[in-house]
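Here is the structure we will look at.
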Amino acid sequence: MIINLEKPYTGKYALDHLGFRPFFLAAGLFALVSMIFWMGIYQFGWLLLPSTYPPTFWHGHEMIFGYAVAVAAGFLLTAVKNWTNLPTISQQPLLILALLWFLARVLPFTGLLHIAAVVDTLFLLWLSYEISHPIIKAKQWKQVALVGKVALLIPANIAFYLGLLGYWDAGLSVGLYAGFYILLALIFTMGRRVIPFFIERGVGCPFEAKNDVWIDRFSLILFLGFAVADVIALTFDHATAHFITGLLALAQVPLHAFRMVGWYHPNLWEKTLLWVLYLAYGWLVTGFFLKFLAVTGYALPWVALHAFAIGGIGMMTIGMMARVTLGHTGRNVIDPPQILIVVFLVLFCATFIRVLNTWLVPEFYGEWILSSQLLWITAFVLFVWHYAPMLIKPRIDGRYG
19 MIINLEKPYT
29 GKYALDHLGF
39 RPFFLAAGLF
49 ALVSMIFWMG
59 IYQFGWLLLP
69 STYPPTFWHG
79 HEMIFGYAVA
89 VAAGFLLTAV
99 KNWTNLPTIS
109 QQPLLILALL
119 WFLARVLPFT
129 GLLHIAAVVD
139 TLFLLWLSYE
149 ISHPIIKAKQ
159 WKQVALVGKV
169 ALLIPANIAF
179 YLGLLGYWDA
189 GLSVGLYAGF
199 YILLALIFTM
209 GRRVIPFFIE
219 RGVGCPFEAK
229 NDVWIDRFSL
239 ILFLGFAVAD
249 VIALTFDHAT
259 AHFITGLLAL
269 AQVPLHAFRM
279 VGWYHPNLWE
289 KTLLWVLYLA
299 YGWLVTGFFL
309 KFLAVTGYAL
319 PWVALHAFAI
329 GGIGMMTIGM
339 MARVTLGHTG
349 RNVIDPPQIL
359 IVVFLVLFCA
369 TFIRVLNTWL
379 VPEFYGEWIL
389 SSQLLWITAF
399 VLFVWHYAPM
409 LIKPRIDGRY
419 G
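Position 202, counted from 1, in the sequence shown is what this note's numbering calls 220; the numbers after and before it change by one each time, with no gaps.
Dropping the structure here:
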């Protein structure tokens, strides 16, 4: 079907117009449904998965390659169209791509793990092509690093499934943690680009968010070394790798904190869609410090992991979905729905409880985990309830998109 972009769009639904629509909706729904499943498995012993699929690895894999990759897909398929002024996948092919993602999430529950591995890999291959093709065609070589990070998720996911299917024992850990750090690298790259940009234009007065090119380069090198060292340390329990991980984690704390100071303006606390991204970045910095404490024996590894995952990735992705959806459906990003304040604070509390309460008051560990799970579910129920109509229905200004 050919769409005339010059005429107002009069259809009732727009889910297939741009990548952010099906993938943000899928991410929001999956975030709450998968957490309900995880709560049932963890708290109540639900037997949902095949006996050969360790539940903790399923939880980790699906938060990375399910939820977070869906957000990244929606964001990048939409952003690439803006960057290149070239069309990205839409209409029926876009819905088929989203269906492929969905099948990869469902198939593990059927026990068809080999088929799940193939479908999940095909999805990532297709997604990488759809993101890279317009960038290469437009010769926007500065965006290649982003494409490369998405493409690196493919071997990480293959390694995970090789471990899951019994072909490579270390593959489970290598694939899971490699995927996690590739995703964090993608978050840092996008955060470095968009957070200062949004702050400059959102604080309501002249302001230049400072960035230092040497901080950018040095932090990238340190993060690469940190990620490689930690994957080795966690997979093979290598003492030297643990030591290097701790040092590189600690070294990144002042670098990213310095970056946050350069971005800071007191007016950002008046803008919901600014402070959520700023707090999310703060949790990422906290994650590095907690990782150092974990290596030195003063904290459990899961404390740092969830500072990165819930506070950093969780708050960053939901904040970006909220902003991108408003902007690309013709709504005012300066005046977002008030419910977002509740959504973001609930998710912040989920992070605080999962990270700090479980660490400092461990005698109530089970209760803290349950509380954090329920808060995560609450945040995404509220998000989906208010944002699903925006994602499904056409833009309010009558334009196609």
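Beta carbons: idealized from backbone N, C-alpha and C, even for Gly. Computed from a predicted model, the values in this text were never measured in an experiment.
Return the chain-ordered list of same chain residues with a C-beta closer than 8 Å to the C-beta of residue i, the five sequence neighbours on each side being excluded.
{"i": "Ile20", "result": "Any reading at Ile20 needs caution, since the residue's pLDDT is 45, under 50, leaving its predicted position unreliable; the model's value is listed next. Around Ile20: no qualifying Cβ."}
{"i": "Phe55", "result": "Trp64, Leu66"}
{"i": "Trp403", "result": "none"}
{"i": "Leu393", "result": "Val364, Leu365, Cys367, Ala368, Ile371"}
{"i": "Thr263", "result": "Phe244, Ala247, Asp248, Ala251, Lys309, Val313"}
{"i": "Asp187", "result": "Gly181"}
{"i": "Ile82", "result": "Leu194, Gly197, Phe198, Leu201"}
{"i": "Leu388", "result": "Met57, Gln61"}
{"i": "Ser191", "result": "Gly181, Val249, Leu252, Thr253"}
{"i": "Val89", "result": "Phe41, Phe42, Ala45, Thr335, Met338, Met339"}
{"i": "Leu118", "result": "Val137, Leu140, Phe141, Trp144"}
{"i": "Ser237", "result": "Phe206, Gln270, Leu273, His274, Arg277"}
Assuming residue i and residue j form a contact by the criterion Cβ under 8 Å, report the distance between their Cβ atoms to the nearest whole angstrom.
{"i": "Glu148", "j": "Ile107", "result": "5 Å"}
{"i": "Ala91", "j": "Phe41", "result": "5 Å"}
{"i": "Ala275", "j": "Leu240", "result": "Contact doesn't hold; Cβ gap of about 13 Å is too wide."}
{"i": "Ile17", "j": "Trp281", "result": "Since the first residue of the chain shown is 19 and the last is 419, residue 17 is not available in this structure."}
{"i": "Ile414", "j": "Gly348", "result": "4 Å"}
{"i": "Ile200", "j": "Leu170", "result": "5 Å"}
{"i": "Ala135", "j": "Leu183", "result": "7 Å"}
{"i": "Ala325", "j": "Thr343", "result": "So it is not a contact: roughly 26 Å between Cβ atoms."}
{"i": "Ser146", "j": "Ile114", "result": "16 Å between Cβ atoms; not a contact."}
{"i": "Pro380", "j": "Gly29", "result": "Contact doesn't hold; Cβ gap of about 54 Å is too wide."}
Using only alpha-carbon positions, find the residue among the options that is nearest to residue i.
{"i": "Gly193", "options": "Gly419, Gly181, Leu204", "result": "Gly181"}
{"i": "Ala45", "options": "Gly220, His324, Met338", "result": "Met338"}
{"i": "Arg211", "options": "Leu143, Ile172, Leu117, Tyr296", "result": "Tyr296"}
{"i": "Ser52", "options": "Thr74, Leu143, Tyr31, Arg235", "result": "Thr74"}
{"i": "Thr335", "options": "Gly209, Phe307, Lys411, Thr376", "result": "Gly209"}
{"i": "Ile153", "options": "Val379, Thr102, Leu318, Gly37", "result": "Thr102"}
{"i": "Ile331", "options": "Ala49, His35, Leu33, Leu117", "result": "Ala49"}
{"i": "Glu226", "options": "His283, Leu238, Ser237", "result": "His283"}
{"i": "Thr207", "options": "Asp34, Gly29, Leu302", "result": "Leu302"}
{"i": "Val321", "options": "Asn350, Ala298, Asn285, Leu374", "result": "Leu374"}
{"i": "Pro68", "options": "Ala32, Tyr85, Leu117, Val124", "result": "Val124"}
Quick one: give me the first and last residue of the alpha helix (DSSP H) that residue i is part of.
{"i": "Met334", "result": "333-346"}
{"i": "Ser191", "result": "189-220"}
{"i": "Ala32", "result": "Element bounds for Ala32: n/a, residue is neither H nor E."}
{"i": "Gln391", "result": "383-410"}
{"i": "Glu148", "result": "131-155"}
{"i": "Pro355", "result": "No alpha helix (DSSP H) holds Pro355; DSSP gives it neither H nor E."}
{"i": "Ser52", "result": "38-62"}
{"i": "Asn175", "result": "162-182"}
{"i": "Thr314", "result": "Element bounds for Thr314: n/a, residue is neither H nor E."}
{"i": "Leu113", "result": "109-124"}
{"i": "Ile262", "result": "257-281"}
{"i": "Trp76", "result": "73-79"}
{"i": "Phe244", "result": "231-254"}
{"i": "Ala322", "result": "319-324"}
Between the C-alpha atoms of residue i and residue j, what's the straight-line distance to the nearest angstrom?
{"i": "Leu265", "j": "Tyr316", "result": "15 Å"}
{"i": "Ala340", "j": "Phe254", "result": "39 Å"}
{"i": "Leu43", "j": "Phe401", "result": "10 Å"}
{"i": "Trp287", "j": "Pro126", "result": "42 Å"}
{"i": "Gly129", "j": "Ala174", "result": "21 Å"}
{"i": "Ile352", "j": "Trp232", "result": "32 Å"}
{"i": "Ile133", "j": "Gly166", "result": "25 Å"}
{"i": "Thr100", "j": "Leu94", "result": "The amino acid at residue 100 is misidentified as Thr; the sequence shows Asn. Approximately 10 Å between the Cα atoms of the pair."}
{"i": "Asn22", "j": "Tyr418", "result": "Reliability of the predicted coordinates at Asn22 is poor, the pLDDT of 49 falling under 50, and the value obtained from them is presented with this limitation in mind. The straight-line gap from Cα to Cα measures roughly 9 Å."}
{"i": "Gln161", "j": "Phe62", "result": "45 Å"}
{"i": "Val137", "j": "Pro111", "result": "16 Å"}
{"i": "Met408", "j": "Leu323", "result": "32 Å"}
{"i": "Gly384", "j": "Trp159", "result": "48 Å"}
{"i": "Thr96", "j": "Phe38", "result": "6 Å"}
{"i": "His35", "j": "Gly345", "result": "14 Å"}
{"i": "Thr70", "j": "Asn285", "result": "51 Å"}
{"i": "Met333", "j": "Thr396", "result": "14 Å"}
{"i": "Phe382", "j": "Leu318", "result": "15 Å"}
{"i": "Phe307", "j": "Val87", "result": "26 Å"}
Ignore the nearest five residues each way along the sequence and tell me which others in residue i's own chain have a CB closer than 7 Å to its CB.
{"i": "Gly416", "result": "Pro26, Tyr27"}
{"i": "Leu358", "result": "Thr290, Ala340"}
{"i": "Ala406", "result": "Leu43"}
{"i": "Pro105", "result": "Lys99"}
{"i": "Glu390", "result": "The amino acid occupying residue 390 in the given sequence is Ser; Glu does not appear at that position. For Ser390, where only same-chain residues beyond five positions count, the Cβ hits under 7 Å are Ala368, Ile371, Arg372."}
{"i": "Pro355", "result": "His404"}
With a CB to CB cut of under 6 Å and the five nearest residues on each side skipped, what residues in its chain are close to residue i?
{"i": "Gly220", "result": "Lys289, Leu292"}
{"i": "Ala203", "result": "Lys167"}
{"i": "Leu164", "result": "none"}
{"i": "Ala177", "result": "Gly189, Val192, Gly193"}
{"i": "Thr376", "result": "Tyr383, Trp386"}
Please indicate yes or no: does the CB of residue i lie closer than 7 Å to some heavy atom of the ligand FAD?
{"i": "Phe215", "result": "The ligand FAD is not among the ligands present in this structure, which contains no ligands whatsoever."}
When you compare the CB of residue i with every CB in chain B, is at least one pair closer than 8 Å?
{"i": "Phe62", "result": "Note that chain B does not occur in the displayed structure, where there is just one protein chain."}
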